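When you line the sequence shown up against full-length UniProt numbering, it's residues 1 to 251, in that order.
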Amino acid sequence: MTRDHQDSRRESPQNSSPAERLLFGGLGAGLIALSLRQRGGMGVVLGTGGALLLAGAAMGQGLGETLTRVRRTEDDHIKVQKAVTIGLDAGELYTFWRDFENLPRFMDHLESVKVQGEGGQRSHWVAKAPAGTSVEWDAEITADEPGRRIAWRSLEGATVPNEGEVEFRPAPGDRGTEIHVSLTYRPPGGTLGATVARLLGEDPDVQIGQDLRRLKRLLEVGHVPTTEGQSSGRKGPMKAEAKMYDNRRTS
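Given below as structure tokens:
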């Protein structure tokens, strides 16, 4: 066995010993019990840390290994960047995205977005959170370049401070438009909270990638699949335009 292979086995998150897993599990249970007697932010931190340790013990992962899997900025915000190519022109895609009430149609973590005020500069968002809960906040548009770029951010006092940006760029080879999405947010519990969500199967990086694939299917085909693999039957407003684009490209 090579030295590199031996090192990789020692570093593998699945190689925690039974004693280590028992220790992590016991510490996790203790922190959760302690969090029930605490109020405010300290209770959240203790409970989140306890859940993290329990999840790590169940999966054979140590705390340090798990934390390194969460990408974060210098101020402890989580940042996700994804892109997808869609066979429509930038103007059509901009128009669809600019109406934020369309976002829950393909973003699975969003329950609703309601546009408010003249010009639709502000909006109210409701999103799903771990363990079947939800969070909501108000947001405002900070940049609006028709056909090119939209940026937004949550208003002060949001439970989950966040900001987002979407850019529309011509795709190479006349294949339509590249949509580049960047989302930055600070989850409850900071990095620990994001790590627990990831261990529970709510990885934001994977989630946004799936959202963009649903958007592509919605606009190019006219419907998105449900979690059971069946079509939702919701018709995309640009199905006809998508077909027209394909006809122009093949003619």
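Here a beta-carbon is modelled for each residue, glycine too, at the ideal position from N, C-alpha and C. As the structure is a computational prediction, the values presented were derived from the model and not from experiment.
Asked	Found
Top-ranked residue by Cα proximity to L88, from S112, L103, L155, D174	D174
Local Cβ density within 10 Å of A143, reported as buried at 16 or more and exposed below that	exposed
E118, buried or exposed, once every other Cβ within 10 Å from all chains shown has been counted against 16	exposed
Residues sharing a beta bridge with R149, DSSP	E145, E167
Cutoff 7 Å; reference Y185; Cβ partners in own chain excluding five residues on either side	H77, I78, V160, P161, N162
Three-state secondary structure (DSSP) of E136	strand
T177 - DSSP class collapsed to helix/strand/coil	strand
For V221, the three-state DSSP class (helix, strand or coil)	coil
Three-state class that DSSP yields for L110 in the structure shown	strand
Check whether W125 and L110 have beta carbons under 9 Å apart	yes
L215 vs Q81 beta-carbon contact at 9 Å	no
Through-space distance from F168 to V181, alpha-carbon basis	9 Å
Cβ shell of G229 (< 8 Å), same chain only, five flanking positions each side left out	Residue placement at G229 cannot be trusted, given a pLDDT of 46 that sits under 50; the coordinates are not used to answer.
C-alpha distance - E178 paired with V115, whole-angstrom precision	25 Å
Contact set for D138: own chain, Cβ-Cβ below 6 Å, skip 5 residues either direction	H124, L155
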